[in-house]
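Report on the structure given below.
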Amino acid sequence: MALSNPFSSTKRKKTDVDALSVLNALPDPLIVVDDDGYICMTNPAGEEFFALSAKKLLRMTVNEIVPFDSPLIGLIEQVRAMGDYVSEYGVDLGTPKIGIKNVNLQAFLLYGTSNVVVQIEERTIAAKMDRQLTHRGAARSVTAMAIMLAHEVKNPLSGIRGSAQLLEMNASDADRALTRLICDETDRICALVDRMEAFSDDRPIDRDAVNIHEVLEHVRRVAEAGFGRNVTFRENYDPSLPFVYGNRDQLIQVLLNLVKNAVEAAPEDGGEITLSTAYRHGIRLAVPGAQEKVQLPLEVGVQDNGPGIPEEILPHIFDPFVTTKAGGSGLGLALVAKIVGDHGGIAEFESSEEGSKVLIRLPVYNFIKTDTE
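No gaps in the numbering here: position 315 of the sequence shown is 315 in UniProt numbering, and each next residue is one more.
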């Protein structure tokens, strides 16, 4: 007996699709540029990206919304010259109104016309999370190295230091300076190994409700009383922020490290450090050992007004032994990434000519508590 097809006797219903509705539903900003450089079409995402209404955008040229040396202008010219599809990734695109944003650009000629369609894809939080997972992997590598160093290096160093002290007892003044140098250098290496041992602590951290503004206030007072006495601190807080689900002492350690780095990067005259907090919706991260993704809406920022860092270092700034400071060990930000990762959060670094900014995103106390009940 042959089975009948339940759809064979029905006629497919025609579905009308409005092209403009599809365009407006796209999550990525999109603009169309005509022969004279005027923007002749945009979507709501484009309005939001450029912080201008469609009514204003459609009266402007590309040169009026971005600087004359913007990569967007070069990309449009390249498409017109080649008559083909062109993509650029990791481009810093900015305007005086929106600042600088890191984006991917795709541009192509609209079929049958000389108009250029430009799609702008902002670098997503997912890409940032992937980078953060790389930072965690690097931190785990340091963990293994720290365990090895603790067993294989510190014991011989103590023997070297002891021998140098014995030699110093019967050495001449000139030789005594050399034995003192040996002792100082072994102490320095031991201190470095001790710092790396912090990475080998993989025990679950004790977490509870933490008022992040109290932590920031404590860090600011410590800084103003010591290494940050010559800079101006500014605060840009969201007072309605809920509690962080974290460890107060470790969060103090993280923020002290970040503030100290910011102070060292700020200019000697007119140095400014901005501490900020904000609530960001829609950021979720899968963390090891958790069945569900964790929301990370709490954002804490530490920003300086220094010269920024070289672009080639930026993707690796949280990796161990990467530093721009003379004599620096490059472990400070790696430890920040580890501690923030232990909290189930992520850390991000932004840099421009106006300064550098570290953002850490953390889970809310109430959310975690509800999930575990």
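Note that the Cβ used here is the ideal one computed from N, Cα and C, for glycine as well. All figures in this text were calculated on a predicted structure; none of them were measured in a lab.
Bridge-paired residues (DSSP) for SER87: Looking at the DSSP output, SER87 sits in a beta bridge with GLN106.
Between the CA atoms of ARG59 and SER114 - distance to the nearest angstrom: Using only the alpha carbons, I get a separation of about 19 Å.
Nonlocal neighbours in the same chain, by C-beta distance under 6 Å from VAL263, ignoring five residues either side: Residues PHE227, GLY228 and VAL231 of the same chain have their beta carbon placed closer than 6 Å to that of VAL263, with the five preceding and five following residues left out of the count.
Where the beta strand (DSSP E) containing SER21 begins and where it ends: That residue, SER21, is in no beta strand (DSSP E); its alpha helix (DSSP H) goes 19 to 25.
Anticipated Cβ contact below 8 Å, THR179 with ALA191, distance rounded: Contact flag wrong, Cβ pair sits at about 19 Å.
Environment of LYS338 [buried if 16+ CB atoms lie within 10 Å]: Around the beta-carbon of LYS338, 16 or more other beta-carbon atoms lie within 10 Å, marking it buried.
Sequence-distant residues of the same chain with beta carbon closer than 6 Å to LEU23, five excluded per side: Listed in chain order, the non-local C-beta contacts of LEU23 below 6 Å within the same chain comprise ASN43, local neighbours out to five positions each way being set aside.
Where TYR365 falls: helix, strand or coil (DSSP): Annotated three-state conformation of TYR365 is helix, per DSSP.
DSSP three-state assignment for THR113, whether helix, strand or coil: Correct three-state label for THR113: coil.
Short Cβ contact (8 Å threshold) for VAL103 with LEU30: Against a cut-off of 8 Å, the Cβ pair of LEU30 and VAL103 comes out as no contact.
Length of the line joining the Cα atoms of VAL79 and ARG280: When the Cα atoms are used, VAL79 and ARG280 turn out to be separated by approximately 37 Å.
Separation of GLY306 from ASP269, as counted between CA atoms: Near 11 Å, if we compare the C-alpha coordinates of GLY306 and ASP269.
Closest by C-alpha distance to PHE68, when choosing among SER351, ALA54, MET41 and GLY37: Answer by Cα proximity: GLY37.
Local Cβ density within 10 Å of TYR85, reported as buried at 16 or more and exposed below that: When all chains shown are included, TYR85 counts as exposed.
Where the alpha helix (DSSP H) through PHE50 begins and ends: Element bounds for PHE50: 44 to 50.
Collapsed DSSP secondary structure at PRO288 in the structure displayed: A caution first: PRO288 carries a pLDDT of 49, below 50, which makes its placement in the model unreliable, though a value can still be read off. Collapsing the DSSP output to three states places PRO288 in coil.
Whether LEU157 touches THR186 by CB criterion (8 Å): Yes, the Cβ-Cβ distance between LEU157 and THR186 is below 8 Å.
Reduced DSSP category for LYS357 - H, G, I as helix; E, B as strand; rest coil: The answer is strand: DSSP assigns LYS357 an E or B state.
Coarse secondary structure for GLU311, derived from DSSP in three states: If DSSP states are grouped into helix, strand and coil, GLU311 belongs with coil.
Contact check, PRO27 vs ALA45, beta carbons under 8 Å: Their beta carbons are under 8 Å apart, which means PRO27 touches ALA45 by this criterion.
Straight-line gap, LYS357 to ARG188 (C-alpha atoms, nearest Å): Straight-line Cα distance between these residues: approximately 30 Å.
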